[in-house]
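Residue 62 in this note's numbering is what sits at position 70 of the sequence shown, and the numbering runs on without skipping anything.
Take a look at the structure below.
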Amino acid sequence: MNAPKTTLNQLEEFFQQDDPEIFFQRLEIPSPDDPFYLLYTRINQFLERLSTQNVTKSINNPLLAVIMENAPYGIVNIDAHGDIHFSNRLADFLLGESNKSLNGLNLIEVLAEKKADTKNLHLIIDGSPVLHPQRITISLPDKNDSITLSFTMIPYQDTDNGPQQFSIFIEDLTGKTTLSDAIESYTENLESMVKSKTKEIQAMQVKMIDAERAAAMIGTAGGIAHELRQPLTAIIGASELLTDNPTKDLDDGQERKLKMIYHQSLRMADIIKKMEELVSYQTKDYITGTKILDIYKSSKQQ
-7 MNAPKTTLNQ LEEFFQQDDP EIFFQRLEIP SPDDPFYLLY TRINQFLERL
43 STQNVTKSIN NPLLAVIMEN APYGIVNIDA HGDIHFSNRL ADFLLGESNK
93 SLNGLNLIEV LAEKKADTKN LHLIIDGSPV LHPQRITISL PDKNDSITLS
143 FTMIPYQDTD NGPQQFSIFI EDLTGKTTLS DAIESYTENL ESMVKSKTKE
193 IQAMQVKMID AERAAAMIGT AGGIAHELRQ PLTAIIGASE LLTDNPTKDL
243 DDGQERKLKM IYHQSLRMAD IIKKMEELVS YQTKDYITGT KILDIYKSSK
293 QQ
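Next comes the structure, spelled out in structure tokens:
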């Protein structure tokens, strides 16, 4: 834990300078894996704002307190037991204590009173010493909804063998969570709409295929009927002529067969007529288990 101690010493030396002009100098930003990288970045951003406002010798020496108190997010410092040694105004507000300071209270007890789940916070504080910042999310129940807070916990030690302490940076994620939920809900609705439209399109495609199949079947049946009509008309005419003018060469059996040909030809003529007048494609079961065209149901003259 020597690196965090060195970082803290550098910060102390910076804020103990007697010359206010030095406050406008930028701190040398450590590597991104340094636990105090985020704090260095925020301090430099604050110093930039101070320099643009021409704040010079009016700066009070404990500038760190000013930065911590007016930071754009909540800051809480706790010891190994969770006792709060510092909290800025935004932290008090985010944790529901806008009328009083959290200093001197226990962070875990404050969250427990608000019925927040502190299991992950317990694991970090009570567990083995950590070397890198830890980030957890805590939800505080509210009357209408819940408040979602992000805790970035930066570990440090005042001395080499001292107990581990934490600087906690608190950010309100409620709006981001709400937006995320809205996006997720919209995505789910969009997926549902796509699935619904896909089913509609598939149903339309099935109908189109059926319509094309029906049109093809009706056209084919009409063409076949047209080709059969002429030879069948000749058969009917010849059989009718022989039936109406029987010859002595025909015996009774042959005459009955001739009449049967005539009557069956008339029946075929009726079927051909219905084939020419098909208006729909309706089927019926066939002996092989397949479907065949039902000419009578499909004809406009049933």
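Where is the CB? At the ideal position from N, CA and C, for every residue including glycine.
Check	Outcome
Just confirm the distance between the C-beta atoms of A217 and M267, as a whole number of angstroms; I'd bet it's less than 8 Å.	4 Å
Can you find the residues in the same chain that come closer than 8 Å, C-beta to C-beta, to L94, ignoring five residues on each side of it along the sequence?	V68, I76, S79, A83, D84, L87, V102
May I have the straight-line CA-CA distance separating R221 from D243, to the nearest angstrom?	30 Å
Would you kindly report the start and end of the unbroken alpha helix (DSSP H) that includes V271?	No alpha helix (DSSP H) holds V271; DSSP gives it neither H nor E.
For L141, name the three-state secondary structure that DSSP assigns.	strand
When you compare the CB positions of L132 and K106, do they come within less than 8 Å of one another, or not?	yes
Please go through the stretch 193 to 273 and give each complete beta strand (DSSP E) segment of 3 or more residues, from N-terminal end onward.	none
Can the beta-carbon of P121 be found closer than 8 Å to that of M145?	no
Can you tell me where the alpha helix (DSSP H) holding D118 begins and where it ends?	111 to 118
Provide the residue(s) that pair with N98 in DSSP beta bridges, ordered along the chain.	D75
Looking at the strands, I want to know which residues DSSP matches up with R127.	T144
Along the chain, where does the beta strand (DSSP E) that runs through K283 open and close?	283 to 285
What would DSSP say about I279, mapped onto helix, strand or coil?	coil
Which of the three DSSP states, helix, strand or coil, is assigned to D164?	strand
According to DSSP, which residues form a beta bridge with N69?	F78, S159
In whole angstroms, give me the CA-to-CA distance for H255 and T212.	26 Å
Identify whether A(-5) lies in helix, strand or coil by the three-state DSSP scheme.	In this predicted model, A(-5) has a pLDDT of only 47, less than 50, meaning its place in the structure is not dependable enough to derive any value.
Assuming L250 and T235 are in contact, meaning their beta carbons sit under 8 Å apart, how far apart are those beta carbons, in whole angstroms?	6 Å
DSSP state of K49, grouped into three classes?	For K49, the predicted structure reports a pLDDT of 38, less than 50, and the residue's modelled location is therefore unreliable. The matter cannot be settled from this model.
Which residues share a DSSP beta bridge with L132?	I139
By the 10 Å Cβ neighbour count, where 16 or more other Cβ atoms means buried, how is L113 classified, buried or exposed?	buried
By Cβ distance below 7 Å, which residues in the same chain neighbour Q197 in space, the five residues on each side in sequence not counted?	none
Measuring only the C-alpha atoms, how far is K155 from T140?	Residue 155 is actually Pro in this sequence, not Lys. Cα to Cα, the separation comes out at about 29 Å.
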